[in-house]
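Asker: The structure that follows is given in the form of structure tokens.
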Amino acid sequence: MKKGTVWVIGASSGLGLATAQAFARDGWLVVSGARSFGESAADDPAEDGIRTFRLDVTDVQSREAFAQSALVVSPRVDALVYCAAVLVLGACETTSYAEYERVMQTNFLGMTSLVSTVLPVMRRQGKGKIVLFSSINGLLGIPFQSAYTASKHAVEGYAECLAMEVKPFGVQVCLVEPGDHRGGSQRTRLHAQGEGSASPYEAAYQTACGAIHRDESNGLLPETLGRKLVRNVNRKRMRFRLVVAKPDQRLAVVLHDVLSPALNFKILRDYYGKGGRA
Ligand SMILES: NC(=O)c1ccc[n+]([C@@H]2O[C@H](COP(=O)([O-])OP(=O)(O)OC[C@H]3O[C@@H](n4cnc5c(N)ncnc54)[C@H](OP(=O)(O)O)[C@@H]3O)[C@@H](O)[C@H]2O)c1
């Protein structure tokens, strides 16, 4: 007897994979989606108990096919966890319209569509839990991450609206706000096409990329986040915010809220420009 059915979106690597595995270990029926999964899942789940289906969250037909397949595996959706994201690094000036569009489609619009897909099921059930991956970047801005930061700020605002709207139907919402974690997105890091030796931001950009790379390499373990997330979903009343970050990144969020913008920008520029600690 499974604890419930959870859809984990963007579960082929990094934090999504760790989250899917943590749910499977905890006794959930896990249905996961990502572009790198095969077109149709095998009849039997993989060794770890996770059912995988191909899904491109930016494609309406792919989203519909995924939902149909998932609902055949189980007509219930007790939890939805949306992890899918891309990060395009680049200066605001050099990041193109298409690059902003790609990030918003993956990190935000795909998410809104999947939430709309599961809500009728959850309303019928009279309960459900929706977990949306934001980031520390959803709480403050970081130089050369504008597309990603904007998408995660959009997730933050959306989640607050959603939580208030769906509460009467027994549906709860959680925002996961990770700091830097190891693995995952470093493998697929995208750089704005406008970045390069001709960019007026090149020197600062390269220094910031070095700081970002160093922080990710020294980041927390995805498995720990997976366990914390599952623990939160298992609570009767989920916490709305789940920050999983090192103390310096938590401090950066507090300072962002209490310091003047000028002082806050200086601290963050120094950090990403000179490679010191925030
Ligand atoms: N790692 C960190 O330090 C960190 C920090 C803060 C927040 N986060 C957040 O945590 C989540 C996971 O990040 P991660 O670093 O673990 O990234 P990751 O390893 O790059 O994983 C991203 C996942 O999204 C999927 N994905 C990307 N585009 C997709 C699309 N169009 N359709 C379906 N799936 C798609 C990828 O699968 P395919 O490529 O197979 O499609 C992959 O499974 C993200 O929301 C990220 O913003 C991560």
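Using my numbering, the first residue of the sequence shown is number 348, and each one after it goes up by one.
Cβ atoms here follow ideal geometry from the backbone N, Cα and C, with glycine treated the same way.
These figures come from a predicted structure and were not determined experimentally.
1) When the distance is taken between beta carbons, is I356 closer than 8 angstroms to Y429?
2) Take every Cβ of the region 524-543, pair it with every Cβ of the region 475-490, and state whether three or more of those distances are shorter than 8 angstroms.
3) When the Cα atoms are used, what is the spatial distance from L418 to K476?
4) Taking the beta strand (DSSP E) that E524 belongs to, which residues open and close that run?
5) For L398, which residues does DSSP report across the bridge?
6) Opposite K476 in the DSSP bridges: which residues?
7) Go through its chain and collect everything with a Cβ distance to F370's Cβ below 6 angstroms, but skip five positions before and after it.
8) From the DSSP secondary-structure annotation, give me the bridge partner or partners of L628.
9) Tell me which same chain residues have a C-beta within less than 6 angstroms of the C-beta of L509, skipping the five on either side of it?
10) CA-CA distance, G363 and Q553?
11) With DSSP collapsed to three states, give me the class of R624.
12) State the CB to CB distance for the pair Y424 and V450, rounded to an integer number of angstroms; the pair is presumed to be in contact (CB under 8 angstroms).
13) Using the Cβ count rule (16 or more neighbours within 10 Å means buried), how would you classify Q492?
14) Let me check you understand the geometry: is the CB of D373 closer than 7 angstroms to at least one non-hydrogen atom of ligand 1?
15) V478 to R529, Cα distance in whole Å?
16) For the alpha helix (DSSP H) containing L364, name the first residue and the last one.
17) Could you give the distance in angstroms between the alpha-carbon of A426 and the alpha-carbon of M585?
18) Can you tell me the Cα-Cα spacing of S460 and P422, whole angstroms?
19) Got a sec? Which residues, its chain only, sit under 7 angstroms from L640 by beta carbon, not counting five neighbours each side?
20) Can you give, in chain order, each stretch of the beta strand (DSSP E) that sits fully within the region 401-466 and has at least 3 residues?
21) For ligand 1, is there a heavy atom less than 7 angstroms away from the beta-carbon of R382?
22) Take L572 and list the residues in its own chain whose beta-carbon comes closer than 8 angstroms to its own, dropping the five residues that flank it on each side.
23) Go through its chain and collect everything with a Cβ distance to T441's Cβ below 6 angstroms, but skip five positions before and after it.
24) Less than 8 angstroms between the CB atoms is what I'm expecting for F453 and A438, so what's the real figure, rounded?
Answerer: According to the structure shown:
1) When the beta-carbon positions are compared, Y429 and I356 come within less than 8 angstroms of each other.
2) Touching, yes, given that three or more Cβ pairs across the two stretches are closer than 8 angstroms.
3) About 16 angstroms.
4) 518-525 is the span of the beta strand (DSSP E), which, as asked, contains E524.
5) Per the sequence shown, residue 398 should be read as Arg rather than Leu. DSSP, once it has assigned bridges, lists V378 as partnering R398.
6) Per the DSSP secondary-structure output, K476 pairs in a beta bridge with A426, Q519.
7) Taken in chain order, the residues that qualify are V353, V377, V577.
8) Here the chain covers residues 348 to 625 and nothing more, so residue 628 does not appear.
9) Hits under 6 angstroms: V520.
10) Rounded to the nearest angstrom, the two C-alpha atoms are 28 angstroms apart.
11) Any reading at R624 must be qualified, since the residue scores a pLDDT of 40, below 50, and its modelled position is unreliable; no value is offered.
12) Reading off the sequence, residue 424 comes out as Val, not Tyr. No, V424 and V450 are not in contact; Cβ-Cβ is about 26 angstroms, not under 8 angstroms.
13) Label assigned to Q492: buried.
14) If you check the C-beta of D373 against ligand 1, you find no heavy atom less than 7 angstroms away.
15) Computed Cα separation, rounded: 21 angstroms.
16) Annotation for L364: the continuous alpha helix (DSSP H) segment containing it runs 361-372.
17) Roughly 12 angstroms between the two C-alpha positions.
18) If you take the alpha carbons of S460 and P422, they lie about 18 angstroms apart.
19) Absent from the model: residue 640. The displayed extent of the chain is 348 to 625, so no value can be given.
20) Fully enclosed beta strand (DSSP E) runs of 3 or longer: 426-429.
21) Between ligand 1 and R382, a heavy atom-to-CB distance of less than 7 angstroms is present.
22) Taken in chain order, the residues that qualify are L362, A365, T366, V523, P525, H528, V591.
23) If we look at T441 and ignore the five residues flanking it on each side, its Cβ neighbours are A539, G541, E542, S546.
24) One point to set straight first is that residue 453 is Thr, not Phe, in the sequence displayed. Between T453 and A438 the beta-carbon gap is near 20 angstroms, outside 8 angstroms, which marks them as no contact.
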